[in-house]
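Read the structure below first, then the notes.
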Amino acid sequence: MPKRSYLLLFPVLLLLAAFQPQKLQHPPIPREDPHTEKIAIVLTEQPVEEQHVKKELEKFKNTKLRHVFTQAINGYSVQGPASELKQLEETEAVKFVSEVHTYKVENAGHLQPKRYQSSSSFIDNFELIGTEAVHGLLDEKGNHLTGKGITIGVIDTGIDYEHPDLRRSYAGGHDLVDGDNDPMETNGFGFKNTLHGTHVAGVIAANGRMRGMAPEAKIVAYRALGPGGSGTTEQVLAAIDEAINDQVDILNLSLGNDVNGPDLPISLAINKAVDSGIVAVTSSGNSGPNRWTVGSPGTASKAISVGASTPPMQIPYINSPGTMGKIRLELLQGSDNWRITQSEHLVFAGLGRKSDMTDVQGKLVLVERGTLTFTEKAKNALEAGAIGVMIYNNTNGTFFGNLEETMPIPVAAISKEAGLALKQQLKNKSMLIRIHLIEETDILADFSSRGPVTSTWEIKPDIVAPGVAINSTIPGGYLSLQGTSMAAPHIAGAAALIKQAHPDWTPAEIKAAIMNTAKDIKDHSEKSYRTFEQGAGRIQTEAAIETDSLVIPGSLQFGQFQLSDNLHRHSAKLTVKNTGSSRNSYAFSIPKMQKGIEWELPLSFSLKPGESKEVELAMKVTPELLDDKVKDGTLVLDDGTHPIRIPYLYVLEEPDYPRVMGFGFAPADTGNGYRYEVYLPGGADEFGIALFDPDHFRFLGFLDWGRELKKGMVTKELPLEKLPEDGVYLAKVFAKKAGRENMIETMLYIDKASFENRPRKR
């Protein structure tokens, strides 16, 4: 049935970087209106009942109860003015009040509404991670390991339960957006129609032309994200409530926001779900590649947080004399595959307008991002006879985007730096370039969010799995998508297979098996990725099922060392369990000598089958001998048959980062205004973009401002009607946190007139 729902949407945050010290002073940002209506989650010390909450709220005449949570958290949701919510937080029974956040699907780029048919399978991915071999193994009842008897909850945009590959897997569900038991994907909303949950469900348990990780598992769908793939904290919490009530075995959440913190209500609820016996799997986020970009719920301590790596695939690169070496081309979703492998002529075509497309017949076209949508640029190039399009970013770094419809020519993104280098070489003429397709496997995706988690300094993600160019089910067919959303269901499916093989293993043991047996992956220079980038490594499903030893937890956090400490010694404990059928001997390998670090490791020991032992490890640190304030590495425990890698991390005091970094300002892709990006590594108590007259330094007003912004990337589009008059402005971009303020000073050029002669995107 059609889903016609309306969400309360809140700003969605993103990320980027570049810092300069404070120069000019700015006026204070405007005060928040105390009457501003907000929706918030109220966490309490004890479980609450609806009647008791209603009675307590009688003291706040303008605050209304919305929902009482019974399983996921102790608490409820309310709607009321900011002033009353602040008073409510000060009452004795309340731990804290958290304004609701937007959660969105975690695929890299927005969803593409066009569908196309495909008969391809997951075979390459599954062979890489060992799942094909697992399907040939038997459980204790003699059944093949296919997820039989395991129930997996999918909190997402819903599911197309009529898809022929999902009919046998679907076992019901709940719609937390519309409040019924029909979790069909949003349809009838045009470009806000959804398909994400169906794609995720297919990776886990498709059972038809495509077969997923655990094809005989059952899927229970929880529609918590509505039109456009967005939902609120309230809806996701309600879905976790339902999943705990339904006693699912595995719970997949391929969703998130950009808030790096361990104590958001969703993260706390996921920890509670794990305590109830559920294996919770989350995507880590798509805000990479910078440090600190992992977002909730990927920050939940007890969840398995999943980053994205590449499956076996051929990646197009440009080789051009005089540029910055090999330039990687990131295909936009909906683009044709890059089949051009010979030398071709490249020409520059400005912003990709029709008038820019001169002499492009049979050539590759380089265009700048902005003013027109990606689809408009690609269509203009196609109609003029171009054989491919490269769009270079108009802010620092590269980007991951989508086309609104499939294109018969390749359309790719490249970084601003690469684009400008190519443009400089072209100089109003064509240039011969060569495209190479290079085989890549197990490379960490640039978009995959990195840790560590702030305040707890935990390693996240915990694991990585294939999340690039993943083909799966969508309403009406199949589609290839990328994102940590696509990586997480590989782990959820693997957890189902492990659960079938070892029904007595706890969520912590299943998580440990996945992490203990992971493969260390390396970058293009054959250097291992940091632990807060890849976690324990890339999933190896067969090894996780057949392991004879478990080390719990699968990673170690030694916390934060203070320079003021007299004794710089921190310890941590591990539980080692022999899950095999014979006695195992265990010994820690002595770590490679590191300046300023000294280890205390347990002596070797042995365990009988089924026996466990808790061991303590300690590290001593000499701070003045260390340079990087975030230190990580890997300890190795040998169980006599294979080495178990245990990633560790600690920080030296609180890392000293600037409060504001990487401001970028450019025309929006919709053509309806400008967009800005800015990175707030520690969040901000106050943030603003103050505009000044560049000649007389007279304050003219705020382009934008806000309070209590969370950590991570902020990306926002400013419509034309909210912009000042055309001209050049001196901008002071500032962020204040814990009494410390940093500022970026830059020039902004606003030209609204350039938008006036093109149609607006609705």
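Note that the sequence shown covers residues -23 to -1, 1 to 739 in mature numbering (1 follows the signal peptide of the UniProt record, and there is no 0).
Yeah, the Cβ is synthetic: ideal placement off N, Cα and C, and Gly gets one too.
Just so it is clear, the structure is predicted and the values come from calculations on it, not from any experiment.
DSSP, read as helix, strand or coil, puts residue 22 in coil. Scanning its chain for C-beta atoms nearer than 8 Å, with the 5 sequence neighbours on each side dropped, one finds around residue 482 the residues 475, 476 and 490, in chain order. DSSP places residue 662 in the strand class (E or B) of the three-state scheme. Under the three-state reduction of DSSP output, residue 468 falls in the helix class. Under a 10 Å Cβ-count criterion, residue 226 is classified as buried, with 16 or more other Cβ atoms of the shown protein chains found around its own Cβ. Here residue 642 is buried, its C-beta having at least 16 other C-beta atoms within 10 Å. In terms of Cβ geometry, residue 656 and residue 639 form a close pair [threshold 8 Å]. For residue 82, there is no enclosing alpha helix (DSSP H); the residue is found in the beta strand (DSSP E) stretching over 79 to 82. Put simply, the backbone Cα of residue 519 is about 9 Å away from that of residue 109. Here the region 264 to 277 makes contact with the region 432 to 443; the two share three or more CB pairs at distances below 8 Å. Residue 343 is bridged by DSSP to 325 and 367. Straight through space, the alpha carbons of residue 130 and residue 360 are spaced by roughly 45 Å. Excluding residues up to 5 positions away in sequence, 73 and 74 lie with their Cβ nearer than 7 Å to the Cβ of residue 66 in the same chain. Counting the other Cβ atoms within 10 Å of the Cβ of residue 726 gives fewer than 16, which makes it exposed. Positions of the beta strand (DSSP E) runs, each at least 3 residues long and wholly inside the region 524 to 592, are given as 526 to 529, 533 to 538, 546 to 555, 561 to 565, 574 to 577 and 582 to 584 in order along the chain. The continuous stretches of beta strand (DSSP E) do not include residue 398, which lies in the alpha helix (DSSP H) extending over residues 393 to 403.
If you compare the alpha carbons of 698, 52, 508 and 330 with that of residue 427, the shortest gap goes to 508.
If you draw a straight line from the Cα of residue 14 to the Cα of residue 684, it is about 15 Å long. According to DSSP, residue 258 shares a beta bridge with 229 and 281. In this structure, residue 425 sits near residue 261, with a CB-CB distance shorter than 8 Å. According to DSSP, residue pairing for residue 73 in a beta bridge involves 20. Residue range 408 to 417 is occupied by the beta strand (DSSP E) that includes residue 408, with no alpha helix (DSSP H) assigned at that position. Where residue 295 is concerned, there is no enclosing alpha helix (DSSP H), although the beta strand (DSSP E) around it starts and stops at 290 to 296.
DSSP places residue 615 in the uninterrupted beta strand (DSSP E) bounded by 607 to 615. Rounded to the nearest whole angstrom, the C-alpha separation of residue 139 and residue 546 is 58 Å. Less than 8 Å separates the beta-carbon of residue 136 from that of residue 150. Residue 485 carries a helical assignment under DSSP once its states are collapsed to helix, strand and coil. Per DSSP, residue 175 is one residue of the alpha helix (DSSP H) stretching across 173 to 182. Shortest Cα-Cα distance from residue 121 to any of 230, 193 and 340 involves 193. The residues 19, 25, 30, 42, 44, 45 and 46, in chain order, have a CB closer than 7 Å to that of residue 53 in the same chain once the five nearest residues on each side in sequence are set aside. Annotated as distal: residue 80 and residue 175, with beta-carbon spacing of 8 Å or more. Cβ atoms of residue 336 and residue 690 stay farther apart than 8 Å, at about 38 Å. DSSP links residue 166 through a beta bridge to no other residue. Residue state for residue 252 is assigned as helix, using DSSP reduced to three classes. Note that the C-beta distance between residue 162 and residue 466 is not below 8 Å. Cβ contact annotation for residue 334 (same chain, cutoff 8 Å, sequence separation greater than five): 326, 342, 357, 358, 360, 361 and 363, in chain order.
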